[in-house]
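Residue numbers (our numbering), protein chains in the order written: chain H, 123 to 553; chain G, 123 to 553.
2 protein chains.
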Amino acid sequence: MTEALRVGVAGLGTVGAAAVRMLARQAEALAARCGRKVAVVAVSSRDRGKDRGFDAAGLRWFDDPAALAGWDGIDVLVELIGGAEGVARQAATRALESGKSVVTANKALLAAHGMELARLAESKGGALAFEASVGGGIPIVKTLREGLAGNTVTRVSGILNGTCNYILSRMEMEKLSFDDCLADAQRLGYAEADPTFDIGGFDTAHKVAILASLAFGTAIDADAIHIEGIETISLADIAAADELGFRVKLLGVAERVGRGVEARVHPTMVAKTTSIAQVMGVTNAVTVDADAVGQLTLVGPGAGGEATASAVVADIADIARGVRLAPFGLPTASLADVERIPVQRHEGGYYIRLDVADRPGAMAAIATRMAERAISLESIVQKASHSSGARVPVVLITHATTETSVREALDRVVADGFVSGKPQLIRIERA
Amino acid sequence: MTEALRVGVAGLGTVGAAAVRMLARQAEALAARCGRKVAVVAVSSRDRGKDRGFDAAGLRWFDDPAALAGWDGIDVLVELIGGAEGVARQAATRALESGKSVVTANKALLAAHGMELARLAESKGGALAFEASVGGGIPIVKTLREGLAGNTVTRVSGILNGTCNYILSRMEMEKLSFDDCLADAQRLGYAEADPTFDIGGFDTAHKVAILASLAFGTAIDADAIHIEGIETISLADIAAADELGFRVKLLGVAERVGRGVEARVHPTMVAKTTSIAQVMGVTNAVTVDADAVGQLTLVGPGAGGEATASAVVADIADIARGVRLAPFGLPTASLADVERIPVQRHEGGYYIRLDVADRPGAMAAIATRMAERAISLESIVQKASHSSGARVPVVLITHATTETSVREALDRVVADGFVSGKPQLIRIERA
Numbered sequence: 123m124t125e126a127l128r129v130g131v132a133g134l135g136t137v138g139a140a141a142v143r144m145l146a147r148q149a150e151a152l153a154a155r156c157g158r159k160v161a162v163v164a165v166s167s168r169d170r171g172k173d174r175g176f177d178a179a180g181l182r183w184f185d186d187p188a189a190l191a192g193w194d195g196i197d198v199l200v201e202l203i204g205g206a207e208g209v210a211r212q213a214a215t216r217a218l219e220s221g222k223s224v225v226t227a228n229k230a231l232l233a234a235h236g237m238e239l240a241r242l243a244e245s246k247g248g249a250l251a252f253e254a255s256v257g258g259g260i261p262i263v264k265t266l267r268e269g270l271a272g273n274t275v276t277r278v279s280g281i282l283n284g285t286c287n288y289i290l291s292r293m294e295m296e297k298l299s300f301d302d303c304l305a306d307a308q309r310l311g312y313a314e315a316d317p318t319f320d321i322g323g324f325d326t327a328h329k330v331a332i333l334a335s336l337a338f339g340t341a342i343d344a345d346a347i348h349i350e351g352i353e354t355i356s357l358a359d360i361a362a363a364d365e366l367g368f369r370v371k372l373l374g375v376a377e378r379v380g381r382g383v384e385a386r387v388h389p390t391m392v393a394k395t396t397s398i399a400q401v402m403g404v405t406n407a408v409t410v411d412a413d414a415v416g417q418l419t420l421v422g423p424g425a426g427g428e429a430t431a432s433a434v435v436a437d438i439a440d441i442a443r444g445v446r447l448a449p450f451g452l453p454t455a456s457l458a459d460v461e462r463i464p465v466q467r468h469e470g471g472y473y474i475r476l477d478v479a480d481r482p483g484a485m486a487a488i489a490t491r492m493a494e495r496a497i498s499l500e501s502i503v504q505k506a507s508h509s510s511g512a513r514v515p516v517v518l519i520t521h522a523t524t525e526t527s528v529r530e531a532l533d534r535v536v537a538d539g540f541v542s543g544k545p546q547l548i549r550i551e552r553a
Numbered sequence: 123m124t125e126a127l128r129v130g131v132a133g134l135g136t137v138g139a140a141a142v143r144m145l146a147r148q149a150e151a152l153a154a155r156c157g158r159k160v161a162v163v164a165v166s167s168r169d170r171g172k173d174r175g176f177d178a179a180g181l182r183w184f185d186d187p188a189a190l191a192g193w194d195g196i197d198v199l200v201e202l203i204g205g206a207e208g209v210a211r212q213a214a215t216r217a218l219e220s221g222k223s224v225v226t227a228n229k230a231l232l233a234a235h236g237m238e239l240a241r242l243a244e245s246k247g248g249a250l251a252f253e254a255s256v257g258g259g260i261p262i263v264k265t266l267r268e269g270l271a272g273n274t275v276t277r278v279s280g281i282l283n284g285t286c287n288y289i290l291s292r293m294e295m296e297k298l299s300f301d302d303c304l305a306d307a308q309r310l311g312y313a314e315a316d317p318t319f320d321i322g323g324f325d326t327a328h329k330v331a332i333l334a335s336l337a338f339g340t341a342i343d344a345d346a347i348h349i350e351g352i353e354t355i356s357l358a359d360i361a362a363a364d365e366l367g368f369r370v371k372l373l374g375v376a377e378r379v380g381r382g383v384e385a386r387v388h389p390t391m392v393a394k395t396t397s398i399a400q401v402m403g404v405t406n407a408v409t410v411d412a413d414a415v416g417q418l419t420l421v422g423p424g425a426g427g428e429a430t431a432s433a434v435v436a437d438i439a440d441i442a443r444g445v446r447l448a449p450f451g452l453p454t455a456s457l458a459d460v461e462r463i464p465v466q467r468h469e470g471g472y473y474i475r476l477d478v479a480d481r482p483g484a485m486a487a488i489a490t491r492m493a494e495r496a497i498s499l500e501s502i503v504q505k506a507s508h509s510s511g512a513r514v515p516v517v518l519i520t521h522a523t524t525e526t527s528v529r530e531a532l533d534r535v536v537a538d539g540f541v542s543g544k545p546q547l548i549r550i551e552r553a
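In structure tokens form, the structure reads like this:
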């Protein structure tokens, strides 16, 4: 049997502690599966005293993750510190520079510096593995990089943030406001004290950046992603969606358009009959469309210590087995820069909710503005107003049109003075 | 760049032809992904003349697959002949014996001789890869063998036969009889002229045998699987299921029970709200329950030339990249024989449909027989008979009980003489 693979874990939060426990619990099985032992020999964390459910007695402790990364007593650094810069980046870089392998769940780091780290891994001979960075325990990185090697992928999309899906699911199920659901999510530990990163769509965007690179063989381009969060979604939208056969989901989407890639994160109307619409709560789902396989969907836990550690340990097992693949599926020199297709060129159906003045000519003016931009309407729902005010909510569902057309039409509708407030605009995905 | 990987394809049916076309179409991408070229250099098929959509000019033809398998001009034999014995087994064996790798979609061969072939691969150094043998284009083999390396799997289950799911879906959607749907499936090429292998559950059982070995690290034991097909499912069952919130699916299930494994294939009542119930038509789905990841579900095309070839090509790409893993995730010597838990010990809810004589005492007698075996009933539905006969259909849903109890109770019900025909018994899965 080959020598044991020596692992150092930097960052002992929920995922890090779960990974250390799992490697101990599964030590025998992993040795059989990998043909060699896998052993955690060192860790790095700010707080040495805390009980994390594993025996730290035999482990070497480092206060500085970069020192652990540089220590020649480990073969693999597991980076679970988080953050695109600072110690996480420093530790990963140092480990790769010294020829070690790096396993990470850090999507922010990969979205910002994935190419640089991949080049380093390539030139120094270590592995760079990041199954845990997207979709928690769902093996989507492996599926894209290995399982679909014979395919040309045309689209990858999914529910990639459990916090957002939890909030949207609860709003729908219990008719609670966004703020109430967010407060509950924070109480239950599903959302951070500062939830901007999740609900603003930024976390999903990092994941889309990684998936797009793997799916299309392109260089990571996190800045190319159009991002909208779920903070503008109201109960009125959820109720209107329900009535029209839709459900609101925060989707991350990257698709090939001609020779370019359109990448976007935004609340989306999906038909209730689709399988993506069935994904509720903190569960994640990723769908891949590809020429040979058609459509493939993976559903599983998008977060949580054990589930994410499951992905971390799978990466470690691959390294122990001697598997060394290009981190993004291709040599970095082959990862092409690709034309960014701006969201203004997006084509699809739209859900529009307007607060319309209840006076003659309002609907005629709106319909005219739509017609001027050649936007045809699939449905129009105007509800009697329950308030005493002179405004009624109007919901329009358009047939496929372009983002530019619909935005221009809405600008004119607003200028006409019949609506109050900002029109709500939500894209519809038919897939 | 390493030398090209030389591939020989034995069997040029739908999948074989699609694989050859895909390897040509993706030649450039595969070379970049694998760091070396992958080239089909030889094929074997009975009919040389047929146009299969690829240029056969540069390929060496073999009439005898075993001769191709033994030829030293190839590194990998792709076996797509089918069948557990005969030429398929002969060719795979000869290729492995000569140190070559084998990629196959042949679940019958693996269910019967998987261990023997894995031992051969192990001793001679070739790979034995079979992603295409289960779930068509769904990467479930890779997921179990690699993606869940840190998990203890407790259950693997799924819809693994597109023909059966197509028939059951159509019966439900269009209220057509089993025979009509089967005839349509045959006309559309979804079912063979002799459909026994599919509708009898045998195809699913082969796949369950493979999945159980990968999931639990056990030796393949195809004879341990309890098999029931869908040929006894009537429109009456589908309608009663619908009314009670269920859908009928042919499921393959393997689960850990104590230190043993319970493996079974049978029509199953699944709640309409579950994600497995959403899988309609020829689509397949596999769900894995494991300690760390919780629940993971993969949904995709279970058959079709291109989708299955996608899995074949992924296996070839792994081999080209130099990945050599134990075929069933563990060295064959570590694959344990495991206690077979007979279906008589199965515990769960049951759907029972009886044709009951419309005379006093019938229901009392049935209820008494159930009570004698401590079977409690969740619901009883008795419908007015539409026919002029004196028999009414009665549907019972039991709470969890054992297979033995329910069968004994039904034997007594039959002996009491109040029911005609054989009682229909369908297991309910709650997951």
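C-beta atoms are modelled at their ideal positions from N, C-alpha and C, and glycine is treated no differently.
Under the DSSP definition of a beta bridge, Trp-183/G partners with Val-165/G. Taking a Cβ-Cβ threshold of 9 Å, none of the residues of chain H is close to Pro-449/G; the smallest such distance is about 12 Å.
Between the beta-carbon of Glu-551/G and that of His-468/G there is about 11 Å, and that puts the pair past the 8 Å contact cut.
Per DSSP, reduced to three states, the secondary structure at Ser-498/H is coil, with no helix or strand assignment.
Fewer than three Cβ pairs drawn from the segment 341-352 of chain H and the segment 263-275 of chain H lie within less than 8 Å of each other, which leaves the two stretches out of contact. Residues of the segment 400-428 of chain G with a C-beta less than 7 Å from any C-beta of chain H: Gln-400, Ala-414, Val-415, Gly-416, Gln-417, Leu-418, Thr-419, Leu-420, Val-421, Gly-422, Pro-423 and Glu-428, listed in chain order. Per DSSP, the beta-bridge partners of Lys-371/G are Thr-390/G. The continuous alpha helix (DSSP H) containing Leu-333/H extends over residues 324-338. A straight-line Cα-Cα distance of about 7 Å links Leu-152/G and Ala-439/G. For the segment 142-165 of chain G, the set of residues with a beta-carbon nearer than 9 Å to any beta-carbon of chain H comprises Met-144, Leu-145, Arg-147, Gln-148, Ala-151, Leu-152, Ala-154, Arg-155, Cys-156 and Gly-157, in chain order. With respect to Ile-463/G, Pro-545/G sits apart: the two C-beta atoms are not nearer than 7 Å.
If you draw a straight line from the Cα of Ala-358/H to the Cα of Lys-297/H, it is about 10 Å long. Chain G has a Cβ within less than 7 Å of the Cβ of Ser-432/H. For Ala-188/G, the CB contacts under 8 Å within the same chain, skipping 5 residues up- and downstream, are Val-209, Gln-212, Ala-213 and Arg-216 in chain order. When DSSP states are grouped into helix, strand and coil, Ala-206/G belongs to the coil group.
Look at the segment 476-549 of chain H and you find these whole runs of beta strand (DSSP E), each 3 residues long or longer: 499-504 and 513-520. Looking at the DSSP output, Asn-406/G shares a beta bridge with Gly-422/G. Inclusion of Gly-367/H and Ala-337/H in the CB contact set at 7 Å is not warranted, their separation being larger than that value. Looking at the backbone, the Cα of Ala-126/G and that of Val-160/G are separated by about 5 Å. Under the three-state reduction of DSSP, Leu-266/G is assigned to helix.
Annotated three-state conformation of Tyr-312/G is coil, per DSSP. One finds nothing in chain H with a Cβ atom closer than 7 Å to the Cβ of Pro-482/G; even the nearest lies about 47 Å away. For Arg-158/G, there is no enclosing alpha helix (DSSP H), as DSSP marks it with neither H nor E. With fewer than 16 other Cβ atoms from the protein chains shown falling within 10 Å of its own Cβ, Pro-482/G counts as exposed. Short of 8 Å from the beta carbon of Phe-176/H, and not among the five residues preceding or following it, lie these beta carbons of its own chain, in chain order: Ala-139, Val-142, Arg-143 and Ala-146. Under the three-state reduction of DSSP output, Asp-197/G falls in the coil class, being neither helix nor strand. Between the alpha carbons of Ala-315/G and Gly-236/G lies a gap of roughly 27 Å. As the crow flies, the alpha-carbon of Arg-309/G is around 10 Å from that of Cys-303/G. Taken through DSSP and simplified to helix, strand or coil, Ser-245/G comes out as helix.
DSSP places Gln-417/H in the strand class (E or B) of the three-state scheme. With respect to the 7 Å criterion, Thr-430/G and Gly-258/G are classified as neighbours on the basis of their beta carbons. The beta carbons of Ile-281/G and Asn-273/G sit no closer together than 7 Å.
Of the other Cβ atoms in all chains shown, 16 or more fall within 10 Å of the Cβ of Met-391/G; this residue is therefore buried.
Around the beta carbon of Glu-365/G, fewer than 16 other beta carbons sit within 10 angstroms, so the residue counts as exposed. Note on geometry: alpha-carbon atoms of Gly-135/G and Leu-190/H lie some 55 Å from one another.
Residue pairing by DSSP puts Tyr-472/H in a beta bridge opposite Arg-549/H.
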